[in-house]
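Novice: Read in order, the letters of the first sequence correspond to residues 1 to 385 in full-length UniProt numbering. We put the beta carbon where it would ideally sit given N, CA and C, even for glycine. Please read these numbers as outputs of a predicted model, since none were measured by experiment.
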Amino acid sequence: MASSPLHPSFADSACRHLAYSRKQKSLGLLCSNFVALYNRDDVDAIGLDDAARRLGVERRRIYDIVNVLESVGVLVRKGKNQYSWIGFSGIPKALQDLKDSASQESLGQDVQDPPTKALEEEEDESINQGTDFEGEKGTSGLDSATVNSAAGSGAKPALEQRREKSLGLLTQNFVKLFITTDADTISLDEAAKILLGDAHDAVNMRTKVRRLYDIANVLSSMNLIEKTHHADTRKPAFRWLGLEGRQNPETGAPVPITTFAKQPRKRSFGTELTNVESKRPNFNLLSDESKGRAAVLAADLVECNRMAQQLIQGPKGGFVFGPFQPVAVKREYVAVQKGVEREKVSDWERMAAAFRPQYHNQALSDLFTHFVEAWNSWRHSTSFL
DNA sequence: ATCTCCCGCCAGCCT
DNA sequence: AGGCTGGCGGGAGAT
1 MASSPLHPSF ADSACRHLAY SRKQKSLGLL CSNFVALYNR DDVDAIGLDD AARRLGVERR
61 RIYDIVNVLE SVGVLVRKGK NQYSWIGFSG IPKALQDLKD SASQESLGQD VQDPPTKALE
121 EEEDESINQG TDFEGEKGTS GLDSATVNSA AGSGAKPALE QRREKSLGLL TQNFVKLFIT
181 TDADTISLDE AAKILLGDAH DAVNMRTKVR RLYDIANVLS SMNLIEKTHH ADTRKPAFRW
241 LGLEGRQNPE TGAPVPITTF AKQPRKRSFG TELTNVESKR PNFNLLSDES KGRAAVLAAD
301 LVECNRMAQQ LIQGPKGGFV FGPFQPVAVK REYVAVQKGV EREKVSDWER MAAAFRPQYH
361 NQALSDLFTH FVEAWNSWRH STSFL
C-alpha cells in the first residue's frame, strides 16, 4: 500500500487510525451506514439484531438510531425487535404532523389541563407511529411532558416519567423548536433550557445536552440539520435544513431530501462494516498480534466509512451521489451537473484506475470490487442521458 | 479547559 | 425468568 498512489485522505486516515478514533464510532456515521444498509427497494422489515450484527455495533446503539429515525418518520416500530423501513419519503408527513400538533398545542394552551391518562395513551401511539403526538402545551407548542420532565414530575408513575425523557420524544420536541420558531440557529444549550422549562439545573442540563448531541448527530447525518455557529457569538449551533436539504455546494442546485427514494435492489457500498471493534481498545491489554489486526481493520473501516458517508452526504456536506443515487434525483441532478461533471470525468477515471486500496478483510475487498463494477455500470448508463 | 459524545451499566417493562 | 428496551452519567477523545 505504501508504494501505491493513494488518495491523500486515504493515506492520511490510514496513518491516523493506528489508534482508536471515536469519530469512526459516531452515531452520525453509524446512522449513515444504517441508512445505506436499509434504504433499498428490497428492504421492508428490519431486525435490531440483524442491524447490530451487520453494522458491527451493540444493540444499544441501534436503539439510539431507530428512536431518532422513528421520530422523523423514516421507520416505524412493528413489534419487539422489529421495525419497518419507511424511508425518506416518510419525513414530510412526520414533519407536517409535528407542525400540526405544535400549532394545536399552542392554540389550546390556555384552555385546560388535559386528562393526563388519555394524552399519555395518545402519545404512546403517536410515538409508535413516529409522529403526531399530542400533549400538554409548553413553550413553542412543545410537549410539556418533556419540557417539565426534569421538574421531578411530582407523583407521576415511573413509566410515564421514563417516557417523558425518551430520546424519541426529545427528538420530536427538538425538531419542533426549529419548525415552529423563526430562529435561524439554535444551540444545544438553548434547546436544553427550553425543553427543560423551569427545571434547568446543572445536572439536568448536562444530561439533556448529552442527549441532544446524540440526536443532533443523527439528524445531521440525515441532512435535516447542519452544524454551524451563531452569527454573533460564534457559539456552536444547529441550523434547520429540513425538506429542502442542502444546495449542492458547487452548482447551487437544490437537492431536496424529499427526492430521496429507496435504493434499487443493489448492494449498497458502505454497509456491513461499521465499528467492528465495539469497544474502546485497551492497548495495554492487547497482544502485539491483536494490535496489528486492530490497526489493519481500523484502516479498512476508516476508508469504507468515509466513502459510505460521502455517498450520503458528500465530502463538503452537500449530497454527492454515486452509482446508487435514487432515480428521482438522478435526472434533475445529473442534468444540472452534466456540464461540470463532464470536465471532471477524466480525473475520476484516472483516479479510479490508479486507486486500488488493499483491504486486508476479504469482505471489504469484495465490497470494493462490487463498488467499482457498479460505478462502471453507472458511468455507462449515464453516458446515455 | 471545555466541548463533545461513546459506552455500557442497570432499572424497568415485556413475553 | 429471561430477554428487550433505553435512561443515564462517567469519563475519555477532540478541540
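For K80, does the three-state DSSP call read helix, strand or coil?
Specialist: If you number the first sequence from 1, residue 80 lands on position 80. Coil, per DSSP.
Novice: Taking the CB atoms as reference points, tell me whether D214 and L98 lie closer together than 8 Å.
Specialist: Locating residue 214 in the first sequence gives position 214, counting from the first residue. Locating residue 98 in the first sequence gives position 98, counting from the first residue. Cβ atoms of D214 and L98: not closer than 8 Å.
Novice: Decide if R53 is buried, meaning its Cβ has at least 16 other Cβ atoms within 10 Å, or exposed.
Specialist: By 1-based counting over the first sequence, the position of residue 53 is 53. By the 10 Å Cβ count, R53 comes out exposed.
Novice: Taking only the alpha-carbon atoms, compute the straight-line gap between K193 and D42 and give it to the nearest angstrom.
Specialist: As a working mapping, residue 193 is identified with position 193 in the first sequence. As a working mapping, residue 42 is identified with position 42 in the first sequence. Their Cα atoms are separated by approximately 42 Å.
Novice: May I ask you to list the residues that DSSP assigns as paired with I225?
Specialist: Locating residue 225 in the first sequence gives position 225, counting from the first residue. I225 is bridged to W240.
Novice: Tell me which residue opens and which closes the alpha helix (DSSP H) that A45 is part of.
Specialist: Counted from its first residue, the first sequence places residue 45 at position 45. Counting along the chain, A45 falls outside any alpha helix (DSSP H), though it belongs to the beta strand (DSSP E) covering 45-47.
Novice: In the DSSP assignment, the alpha helix (DSSP H) including E190 goes from what residue to what residue?
Specialist: Reading the first sequence from its first residue, position 190 is the one you call residue 190. Start and end: 188-196.
Novice: Closer than 6 Å by C-beta to T171: which residues in its own chain qualify, once you throw out the five before and the five after it? Chain order, please.
Specialist: One-based indexing of the first sequence puts residue 171 at position 171. Only V68, S71, I215 meet the Cβ criterion.
Novice: Would K208 be called buried (16 or more neighbouring beta carbons within 10 Å of its own) or exposed?
Specialist: Against the first sequence, residue 208 aligns to sequence position 208. Answer is buried; the Cβ neighbour count reaches 16.
Novice: Please tell me whether R59 and D49 are closer than 8 Å, where the distance is taken between their beta carbons.
Specialist: Against the first sequence, residue 59 aligns to sequence position 59. Against the first sequence, residue 49 aligns to sequence position 49. In this structure, D49 lies closer than 8 Å to R59 by Cβ.
Novice: Any chance the segment 225-245 sits against the segment 174-187, with 3 or more Cβ pairs inside 8 Å?
Specialist: Touching, per the Cβ criterion.
Novice: Just list the residues that DSSP pairs L75 with in beta bridges.
Specialist: On the first sequence, position 75 is the one that residue 75 refers to. Its beta-bridge partners are W85.
Novice: For A202, count neighbouring C-beta atoms within 10 Å of its own C-beta (all shown protein chains included) and say buried if the count is 16 or more, exposed if not.
Specialist: Numbered from 1 along the first sequence, position 202 holds the residue referred to as residue 202. Exposed: under 16 other Cβ atoms inside 10 Å.
Novice: Could you give the C-beta distance for L75 and L55, rounded to a whole number, given that I count them as a contact under 8 Å?
Specialist: Indexing the first sequence from 1 puts residue 75 at position 75. Indexing the first sequence from 1 puts residue 55 at position 55. Not really, about 15 Å apart at Cβ, beyond 8 Å.
Novice: Just to confirm before moving on: does the CB-CB distance between L241 and N223 stay below 8 Å?
Specialist: As a position in the first sequence, residue 241 is number 241, starting the count at 1. As a position in the first sequence, residue 223 is number 223, starting the count at 1. Yes.
Novice: Considering only C-alpha positions, which residue in the set L177, K235, G90, G168 is nearest to L243?
Specialist: Mapped onto the first sequence, residue 243 falls at position 243. The shortest C-alpha separation from L243 is found at G90.
Novice: Just to confirm before moving on: does the CB-CB distance between A45 and G73 stay below 8 Å?
Specialist: On the first sequence, residue 45 is found 45 positions in, with the first residue counted as 1. On the first sequence, residue 73 is found 73 positions in, with the first residue counted as 1. Not in contact: A45 and G73 (Cβ atoms no closer than 8 Å).
Novice: Restricting to Cα atoms, I'd like to know which of S101, S221, K23 is closest to N173.
Specialist: Residue 173 sits at position 173 when you count from the first residue of the first sequence. Closest by alpha carbon: S101.
Novice: Do the CB positions of V66 and Y83 come within less than 8 Å of each other?
Specialist: For the purposes of this step, residue 66 is taken as residue 66 along the first sequence, with counting starting at 1. For the purposes of this step, residue 83 is taken as residue 83 along the first sequence, with counting starting at 1. Yes; because the gap between Cβ atoms is below 8 Å, this pair is in contact.
Novice: Exposed or buried, which one is G79 when buried takes at least 16 other CB atoms within 10 Å?
Specialist: Taking the first sequence and counting its residues from 1, one reaches residue 79 at position 79. Exposed, by the Cβ-count rule.
Novice: Take S221 as the anchor and find which of P92, N33, R22 has the nearest alpha-carbon.
Specialist: The sequence position of residue 221 within the first sequence is 221, counting from 1. Of P92, N33, R22, the residue nearest in Cα terms is N33.
Novice: Run through the DSSP bridge pairs and tell me what T233 is partnered with.
Specialist: Numbered from 1 along the first sequence, position 233 holds the residue referred to as residue 233. BP columns for T233 are empty, so no partner.
Novice: Could you check if Q112 is buried or exposed, using at least 16 other CB atoms within 10 Å of its CB as the buried criterion?
Specialist: Here residue 112 refers to the residue found at position 112 of the first sequence. Model confidence at Q112 stands at a pLDDT of 43, short of 50, so the residue's coordinates are unreliable and nothing is read from them.
Novice: Have a look at A158 and A51 and give me their C-alpha separation to the nearest angstrom.
Specialist: Numbered from 1 along the first sequence, position 158 holds the residue referred to as residue 158. Numbered from 1 along the first sequence, position 51 holds the residue referred to as residue 51. So the alpha carbons of these two residues sit roughly 30 Å apart.
Novice: Taking DSSP's pairing of strands, which residues face K185 in a bridge?
Specialist: In the first sequence, residue 185 corresponds to position 185, counting from 1. In the sequence as presented, Lys is not what sits at residue 185; that position holds Thr. Beta-bridge pairing links T185 to R239.
Novice: Whose C-beta lies closer than 6 Å to the C-beta of K235 among residues of the same chain, with five residues either side of it excluded?
Specialist: On the first sequence, residue 235 is found 235 positions in, with the first residue counted as 1. Correct list, in chain order: S187.
Novice: Work out the CA separation of K165 and A176 for me, nearest whole Å.
Specialist: Stepping through the first sequence from its first residue, residue 176 is reached at position 176. Stepping through the first sequence from its first residue, residue 165 is reached at position 165. Here residue 176 turns out to be Lys, not Ala, going by the sequence shown. If you take the alpha carbons of K176 and K165, they lie about 16 Å apart.
Novice: Between L169 and R162, how many whole angstroms is the CB-CB distance? I'm expecting something under 8 Å.
Specialist: As a working note, residue 169 is residue 169 in the first sequence. As a working note, residue 162 is residue 162 in the first sequence. About 10 Å; that fails the 8 Å criterion.
Novice: Evaluate K23 with the Cβ neighbour count: other Cβ atoms within 10 Å of its Cβ, from every protein chain shown; 16 or more gives buried, anything less gives exposed.
Specialist: Taking the first sequence and counting its residues from 1, one reaches residue 23 at position 23. Under this definition K23 is an exposed residue.
Novice: Comparing C-alpha positions only, which one of K25, I179, A36, N204 sits nearest to P92?
Specialist: In the first sequence, counting from the first residue as 1, residue 92 sits at position 92. Minimum Cα distance to P92 is reached at I179.
Novice: Please state whether DSSP places E58 in a helix, a strand or coil.
Specialist: As a position in the first sequence, residue 58 is number 58, starting the count at 1. Note: E58 maps to coil in three-state DSSP.
Novice: Taking only the alpha-carbon atoms, compute the straight-line gap between S106 and S21 and give it to the nearest angstrom.
Specialist: Position 106 of the first sequence, counted from the first residue, corresponds to residue 106. Position 21 of the first sequence, counted from the first residue, corresponds to residue 21. Cα-Cα distance, rounded: 44 Å.
Novice: With burial defined as no fewer than 16 other Cβ atoms inside 10 Å of the residue's Cβ, what is the status of D232: buried or exposed?
Specialist: Looking up residue 232 in the first sequence gives position 232. Answer is exposed; the Cβ neighbour count stays below 16.
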